[in-house]
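S.K.: Got a structure here, written out as structure tokens. Questions coming.
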Amino acid sequence: MENRNNTLRIKAAVTSLVLLGQAAAYFPAGIASVNAASEVEKNYAKALQYSMYFYDANMCGTEVGENTRYTWRDDCHVYDAKLPLDDENTNMSAEFIAKNKDILDPDGDGCVDVAGGFHDAGDHVKFGMPEGYSGAAVGWGYYEFMDAYKATGQDDHAETIIRYFNDYYMKCTYLDEDGKAIAFCYQVGDGDIDHQYWNAPEVDEMPRMGWFATDELVSTDVLSITSASLTMAYLVFKDSDPEYAEKCLKYSLALFEFAERADEKAVNKEGGKGYYTSTKWEDDYCYAAISLYHATKEEKYLDIVLSLVDYYAPSCWTYCWNDTWAAVLTMLAQADDMYGKK
Numbered sequence: 096m097e098n099r100n101n102t103l104r105i106k107a108a109v110t111s112l113v114l115l116g117q118a119a120a121y122f123p124a125g126i127a128s129v130n131a132a133s134e135v136e137k138n139y140a141k142a143l144q145y146s147m148y149f150y151d152a153n154m155c156g157t158e159v160g161e162n163t164r165y166t167w168r169d170d171c172h173v174y175d176a177k178l179p180l181d182d183e184n185t186n187m188s189a190e191f192i193a194k195n196k197d198i199l200d201p202d203g204d205g206c207v208d209v210a211g212g213f214h215d216a217g218d219h220v221k222f223g224m225p226e227g228y229s230g231a232a233v234g235w236g237y238y239e240f241m242d243a244y245k246a247t248g249q250d251d252h253a254e255t256i257i258r259y260f261n262d263y264y265m266k267c268t269y270l271d272e273d274g275k276a277i278a279f280c281y282q283v284g285d286g287d288i289d290h291q292y293w294n295a296p297e298v299d300e301m302p303r304m305g306w307f308a309t310d311e312l313v314s315t316d317v318l319s320i321t322s323a324s325l326t327m328a329y330l331v332f333k334d335s336d337p338e339y340a341e342k343c344l345k346y347s348l349a350l351f352e353f354a355e356r357a358d359e360k361a362v363n364k365e366g367g368k369g370y371y372t373s374t375k376w377e378d379d380y381c382y383a384a385i386s387l388y389h390a391t392k393e394e395k396y397l398d399i400v401l402s403l404v405d406y407y408a409p410s411c412w413t414y415c416w417n418d419t420w421a422a423v424l425t426m427l428a429q430a431d432d433m434y435g436k437k
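Residue 96 is where the sequence shown starts when you use my numbering, and the numbers rise one by one after that.
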């Protein structure tokens with residue numbers, strides 16, 4: 096145990112140096128003396144408020160009208176709630192669908208409900224990698240700085256957005272009777288088709304295919320980043336809404352086990368079609384594991400991170416959908432005292 100604590104302290108020190116080095120690169124010496132922006136309004140509460148509106152603008156599904164703060168947004172792509180369950184409208188094989196039909200389609204209507212979630216960034220595809228990352232980032236930021244959100248009156252807004260992300264992820268996760276995930280819909284829509292149109296989502300009628308991760312269609316990265324988002328939701332709501340938090344944790348654990356059990360882990364290369372092709376899975380896998388360590392305090396998740404981080408974690412790029420090492424290293428540095436929270 097002492098060796099592990101020493102290892103964590105060393106990694107924490109290294110992480111601090113890495114992050115300081117990055118900060119120095121982004122904020123060169125002398126920047127504080129620049130006066131050009133001295134008259135710019137520095138209202139960080141307003142900046143926080145305005146930044147959250149991005150998610151209101153990009154809500155999708157049958158519950159947009161009751162959740163968005165924009166009067167000009169309403170329900171859209173409601174037909175995602177009736178995605179035909181076949182090998183033409185999904186990437187799943189006919190054999191896989193037939194074998195798991197009772198799980199995928201328990202009411203027997205020949206469809207799956209994948210309505211909800213968020214559009215990407217002006218287009219209307221729901222891409223798994225940036226969406227999962229965004230859910231994790233918003234949840235993590237709110238968990239770490241909840242007092243600031245409450246002090247500026249942004250807590251209700253943030254919690255609405257966090258729930259909207261994670262309600263969608265749970266809807267898109269298909270569990271068998273033992274709680275084992277057998278499929279996860281990580282993308283709805285095709286960028287090649289979507290990017291030929293420019294219209295309001297409320298009037299959009301373009302065909303939208305569903306892309307699923309299965310044991311046959313390994314997607315370690317997107318399963319892991321979605322697990323991280325659900326774990327962050329657990330941390331956010333474990334005191335205020337423990338029943339909802341436990342549900343989020345249940346699905347997070349199922350998705351992580353889904354990612355973990357693959358004989359050969361791999362990045363998803365199918366659904367994104369080049370729009371959001373991840374370059375690695377190790378960062379997202381470690382992000383999910385370190386998040387679960389903070390949530391459960393089970394050392395097996397820390398062991399996973401420690402087994403990969405030294406070899407695979409490079410000097411990080413900015414925390415983003417394709418590189419979450421900065422989050423992994425930050426949470427690893429905090430692991431020694433578990434944020435001081437119980």
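Glycine included, C-beta positions come from ideal geometry on N, C-alpha and C.
How far does the beta strand (DSSP E) with A278 in it reach, from first residue to last?
M.R.: A276 to V283
S.K.: Pick helix, strand or coil for G236, following the three-state DSSP scheme.
M.R.: helix
S.K.: Report the CB separation of A361 from A323 in whole angstroms; it is logged as a contact under 8 Å.
M.R.: With 8 Å as the limit, A361 and A323 do not qualify as a contact, their Cβ atoms being about 18 Å apart.
S.K.: Go ahead and label R356 buried or exposed: buried means 16 or more other beta carbons lie within 10 angstroms of its beta carbon, across all protein chains shown.
M.R.: Flag for R356 reads exposed.
S.K.: Within 10 Å of its beta-carbon, does P337 have 16 or more other beta-carbons around it, so buried, or fewer, so exposed?
M.R.: exposed
S.K.: Looking only at its chain, what residues have a beta carbon closer than 7 Å to the beta carbon of A118, apart from the 5 residues adjacent to it on each side?
M.R.: Confidence at A118 is low in this model, with a pLDDT of 38, below 50, so the placement of that residue should be treated as unreliable; the coordinate-derived value is given next. Residues of the same chain with a CB within less than 7 Å of the CB of A118, apart from the 5 flanking positions on each side, do not exist.
S.K.: Report the three-state DSSP secondary structure of Y259 (helix, strand or coil).
M.R.: helix
S.K.: Within a Cβ cutoff of 6 Å, which residues of the same chain sit near L403, ignoring the five residues on either side of it in sequence?
M.R.: The residues are E377 and C381.
S.K.: Tell me the rounded alpha-carbon separation between Y228 and A308.
M.R.: 17 Å
S.K.: Would L350 and L312 be called neighbours here (beta carbons separated by less than 7 Å)?
M.R.: no
S.K.: Classify V298 as buried or exposed, calling it buried when 16 or more other Cβ atoms lie within 10 Å of its own Cβ.
M.R.: exposed
S.K.: Would the beta-carbon of L325 fall within 7 Å of that of Y264?
M.R.: Cβ distance < 7 Å, so L325 and Y264 count as in contact.
S.K.: With a CB to CB cut of under 7 Å and the five nearest residues on each side skipped, what residues in its chain are close to W167?
M.R.: none
S.K.: Quickly, what does DSSP pair T268 with across the bridge? List them, please.
M.R.: F279
S.K.: By the 10 Å Cβ neighbour count, where 16 or more other Cβ atoms means buried, how is P302 classified, buried or exposed?
M.R.: exposed
S.K.: Counting C-beta neighbours from all protein chains within 10 Å, is the total for Q282 16 or more, i.e. buried, or is it exposed?
M.R.: Per the 10 Å Cβ criterion, buried.
S.K.: Using the beta-carbon count (16 or more within 10 Å), is A430 buried or exposed?
M.R.: buried
S.K.: Whole-angstrom Cβ separation of A328 and G234, contact assumed at under 8 Å?
M.R.: 5 Å
S.K.: Opposite C206 in the DSSP bridges: which residues?
M.R.: P179
S.K.: Mapping DSSP to helix, strand and coil, what is F307?
M.R.: strand
S.K.: Using the three-state DSSP reduction, which class does G211 fall into: helix, strand or coil?
M.R.: coil
S.K.: In three-state DSSP terms, what is G156?
M.R.: The three-state secondary structure of G156, taken from DSSP, is strand.
S.K.: When burial is assigned at 16 or more other CB atoms within 10 Å of the CB, is D204 buried or exposed?
M.R.: exposed
S.K.: Given D271, which residues of its chain have a CB within under 6 Å of its CB, disregarding the five upstream and five downstream residues?
M.R.: I198 and I277
S.K.: CB of E134 to nearest heavy atom of the ligand MG: below 6 Å?
M.R.: The ligand MG is not part of this structure, which contains no ligands at all.
S.K.: Along the chain, where does the alpha helix (DSSP H) that runs through C171 open and close?
M.R.: It is not in any alpha helix (DSSP H) - C171 carries neither H nor E in the DSSP assignment.
S.K.: Using 8 Å as the cut-off, can you tell me whether the segment 203–220 makes contact with the segment 237–252, which would need three or more C-beta pairs spanning the two stretches below that distance?
M.R.: no
S.K.: Are the beta-carbon atoms of D218 and D310 separated by less than 7 Å?
M.R.: no
S.K.: Alpha carbons only, please: which of V135, H252 and A193 is nearest the one belonging to S146?
M.R.: H252
S.K.: Output the distance between the C-alpha atoms of N261 and I320, rounded to the nearest integer angstrom.
M.R.: 12 Å
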